[in-house]
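Each residue of the sequence shown is one higher than the one before, counting from 405 in the working numbering.
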Amino acid sequence: MKFDIVTIFPKMVEGPLQEGIVARAIAKGLLDVRVHDLRDYTTDRHRVVDDMPFGGGPGMVLKPEPLFAAVDRIREERGTPASIILTSPDGEPLTHRVAKRLSALDHLVILCGRYEGVDERVREHLATEAISIGDYVVSGGELPALVIVDAVARLVPGVVGDESSVAGDTFARDGLLDFPQYTRPAEFRGLGVPPVLLSGHHAEIEKWRREQAVARTRRHRPDLLNE
Ligand code: JFH
405 MKFDIVTIFP KMVEGPLQEG IVARAIAKGL LDVRVHDLRD YTTDRHRVVD DMPFGGGPGM
465 VLKPEPLFAA VDRIREERGT PASIILTSPD GEPLTHRVAK RLSALDHLVI LCGRYEGVDE
525 RVREHLATEA ISIGDYVVSG GELPALVIVD AVARLVPGVV GDESSVAGDT FARDGLLDFP
585 QYTRPAEFRG LGVPPVLLSG HHAEIEKWRR EQAVARTRRH RPDLLNE
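The following block contains the structure:
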């Protein structure tokens with residue numbers, strides 16, 4: 405699967421791609437991720453990517469020309485992408501369902517905005533969709549782009565070693581939050597582990613985990629319970 409990420413801060417994106425599951429998937433050839441410096445697609449001496457908003461108001465907006473030029477180049481060198489995603493606080497919320505849909509596509513472009521956002525013509529005539537990673541504002545599209553790459557990549561077959569840890573277990577299927585997990589030592593600084601987990605009674609363990617998952621879901625995400 406191919407990803408092209410367009411940003412004014414390529415180093416901010418490249419670092420995280422060089423660690424962990426995503427880095428291993430790139431090394432295995434399962435993912436092909438390229439990061440493009442938006443300033444390379446400017447034509448002026450000062451490599452300006454932003455300008456004042458028409459109508460006034462605070463802050464600056466990303467100009468359309470470098471973003472369109474970057475996508476033109478990606479099309480020439482990498483082919484027409486299946487989706488061109490604009491990261492934005494007012495996009496479609498990123499969910500497991502959205503990540504799953506994107507993971508079936510062969511080539512995604514992700515456009516990272518900065519400042520107060522991007523010229524609306526990018527959203528309307530260049531991007532094919534706008535995605536939000538949640539109801540809070542971060543300072544630009546780079547962290548959202550990394551979240552999208554990571555969440556989507558995990559759903560590409562072979563990227564996560566143990567497929568059953570992706571979506572296979574019964575709790576993920578039921579749409580509940582995770583149950584608590586413990587590992588050795590069985591006693592740490594006077595803190596124990598729920599005895600049922602040490603009991604070896606698999607049916608009892610399953611029952612306890614489900615109860616814990618339901619309790620956590622009721623507490624933190626009652627919207628997920630269909631009651
Ligand atoms: C991004 C930024 C917008 C102004 C709320 C009302 C007024 C700062 C590009 C995505 C999610 C983002 C995100 C994605 C791309 C960009 C910063 C945008 C405003 C804010 C201020 C620039 C933020 N899910 N959160 N944040 N910014 N808005």
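Each residue gets a CB set at the ideal place from its N, CA and C atoms; glycine is no exception.
What you are looking at is a predicted structure, and each value in this text was computed from that prediction instead of being measured.
Check whether residue i and residue j have beta carbons under 8 Å apart
| i | j | result |
| --- | --- | --- |
| ILE489 | ALA555 | no |
| PHE583 | GLN616 | yes |
| ALA607 | ILE409 | no |
| ALA486 | ASP510 | yes |
| VAL600 | TRP612 | yes |
| PRO470 | VAL453 | yes |
| THR491 | GLY517 | yes |
Nearest-angstrom Cβ-Cβ length linking residue i and residue j, presumed shorter than 8 Å
| i | j | result |
| --- | --- | --- |
| LEU512 | PHE407 | 5 Å |
| LEU434 | VAL560 | 6 Å |
| GLY594 | ALA534 | Not quite, the Cβ-Cβ distance comes to about 50 Å (not below 8 Å), so this is no contact. |
| ARG451 | ARG438 | About 20 Å; that fails the 8 Å criterion. |
| ASP523 | LEU466 | 6 Å |
| ILE514 | ILE552 | 6 Å |
Buried versus exposed, by CB contacts within 10 Å (16 or more), residue i
| i | result |
| --- | --- |
| ASP573 | Confidence at ASP573 is low in this model, with a pLDDT of 47, below 50, so its placement is unreliable and the value that follows should be read with caution. Looking at its Cβ environment, which holds fewer than 16 other Cβ atoms inside 10 Å, ASP573 is exposed. |
| HIS440 | buried |
| VAL542 | exposed |
| TYR445 | buried |
| ALA429 | buried |
| LEU602 | exposed |
| LEU628 | exposed |
| ALA590 | exposed |
| THR411 | buried |
| ARG501 | exposed |
| THR621 | buried |
| GLY483 | exposed |
| GLY461 | exposed |
| LYS415 | exposed |
Spatially closest choice to residue i from the options, by CA coordinates
| i | options | result |
| --- | --- | --- |
| ASP455 | PRO561, ASP436, GLU520 | GLU520 |
| VAL417 | GLY461, LEU471, GLU546 | GLU546 |
| ASP578 | ASN630, GLU567, GLY538 | ASN630 |
| SER507 | ARG558, PHE458, PRO626, GLY538 | ARG558 |
| VAL563 | MET464, ILE514, ALA431 | ALA431 |
| THR499 | GLY538, ARG482, PHE472 | GLY538 |
| ILE425 | TYR586, GLY565, THR621 | GLY565 |
| PHE396 | HIS605, SER569, PRO626, ARG525 | Coverage of the chain is limited to positions 405 through 631, which leaves residue 396 absent and any answer about it impossible. |
| ARG527 | ALA427, SER568, VAL475, GLY461 | VAL475 |
| ALA503 | VAL570, ARG477, PHE472 | VAL570 |
| PRO497 | GLU481, PRO626, ARG614, TYR540 | TYR540 |
| LEU493 | ARG479, HIS529, GLU480, GLY544 | For clarity, residue 493 is Pro in the given sequence; the question names Leu instead. Nearest option by C-alpha distance: GLY544. |
Residue i CB to nearest heavy atom of the ligand MG below 7 Å
| i | result |
| --- | --- |
| GLY545 | Inclusion of the ligand MG in the displayed structure is not the case, the ligand content consisting of the ligand JFH alone. |
What runs of the alpha helix (DSSP H), each 4 residues or longer, lie entirely inside the region 449-531? 468-482, 500-507, 524-529
Report the residue ranges of all alpha helix (DSSP H) runs contained in full by the region 584-626; include only those spanning at least 4 residues, in chain order. 599-603, 606-624
For the region 531-573, list the beta strand (DSSP E) runs that are entirely contained and at least 3 residues long, ordered along the chain. 533-536
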